[in-house]
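Residue numbering for the sequence shown follows the UniProt record's numbering, starting at 1 and increasing by one per position.
For reference, the structure is listed below as structure tokens.
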Amino acid sequence: MSTVTVTSSSPSATDAATAAPTSTTRPGDITDQDRVFLAQLQSSSQWSFFSTVERGSLFDSAHMACNRFDTVGKVGTLQWMLDAGFNIDQATPFLVAAAMAYCPNNLSGVQ
């Protein structure tokens, strides 16, 4: 079973998350979908947990979550996050933010 690898690397991750928008997708740049993901996650009560995590790691984990939605469904994806050490209060806003930004087809119902 794969694990979620969200690690803190910098106390300035909050500053990086609010970087000026760009229109390119070079390494280090963020897409509109990334901005939606960050905005949704920042609006959650759990943002302090994620705020020091390197944003590339957050984006990669969110994409992994969407892939898991497609392979094991919503309940299986939530269980994957719980097995990786997140609690329900952390996993839920992360998965909602991931779905809103990267896989909106997974926003309704429970599979």
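Each residue gets a CB set at the ideal place from its N, CA and C atoms; glycine is no exception.
Remember, predicted model here, so these are calculated numbers, not experimental data.
Exercise. Between the beta-carbon of residue 114 and the beta-carbon of F69, is there less than 7 Å?
Worked result: There is simply no residue 114 to check, as the chain begins at 1 and stops at 111 in what is shown.
Problem set entry | G73 versus T31 - alpha carbon distance | Translated into the one-based positions of the sequence shown, residue 73 becomes position 73. Translated into the one-based positions of the sequence shown, residue 31 becomes position 31. Taking C-alpha positions only, G73 is separated from T31 by approximately 26 Å.
For this session: With distances taken Cα to Cα, identify the nearest neighbour of G56 among A84, T92 and F37.
Result: Here residue 56 refers to the residue found at position 56 of the sequence shown. The residue with the shortest Cα to Cα distance from G56 is F37.
Exercise. How is the alpha helix (DSSP H) around F49 delimited, first residue to last?
Worked result: On the sequence shown, residue 49 is found 49 positions in, with the first residue counted as 1. Looking at the DSSP string, the run of the alpha helix (DSSP H) that includes F49 is W47 to F50.
Exercise. What residues are listed by DSSP as bridge partners for V72?
Worked result: Your numbering for residue 72 matches position 72 in the sequence shown. Note: V72 is not bridge-paired with any residue in the DSSP secondary-structure output.
Exercise. Using a C-beta cutoff of 7 Å, does F86 count as contacting chain D?
Worked result: Annotation note: the requested chain D is absent from the structure, which comprises a single protein chain.
Exercise. From Q46, G109 and A84, pick the residue whose C-alpha is nearest to that of M64; which is it?
Worked result: Walking along the sequence shown from the start, residue 64 turns up at place 64. Taking only the C-alpha atoms, the option nearest M64 is A84.
Problem set entry | Cβ-Cβ distance between Y102 and A39 below 7 Å | If you number the sequence shown from 1, residue 102 lands on position 102. If you number the sequence shown from 1, residue 39 lands on position 39. Taking 7 Å as the Cβ cut-off, Y102 and A39 do not qualify as a contacting pair.
For this session: Check each candidate in S108, P104 and G109 and name the one with the smallest Cα separation from Q33.
Result: Walking along the sequence shown from the start, residue 33 turns up at place 33. The alpha carbon of Q33 has as its nearest neighbour, out of S108, P104 and G109, the alpha carbon of P104.
Exercise. What separation, rounded to the nearest whole angstrom, lies between the Cα atoms of F49 and Q90?
Worked result: Counting from 1 along the sequence shown, the entry for residue 49 is found at position 49. Counting from 1 along the sequence shown, the entry for residue 90 is found at position 90. Those two C-alpha atoms are separated by around 8 Å.
For this session: Kindly indicate the opening and closing residues of the alpha helix (DSSP H) around L95.
Result: Counted from its first residue, the sequence shown places residue 95 at position 95. From DSSP, the alpha helix (DSSP H) with L95 extends over I88 to Y102.
Exercise. If you draw a straight line from the alpha carbon of Q46 to that of T71, how long is it in whole angstroms?
Worked result: Working through the sequence shown from its first residue, we reach residue 46 at position 46. Working through the sequence shown from its first residue, we reach residue 71 at position 71. So the two alpha carbons sit approximately 26 Å from each other.
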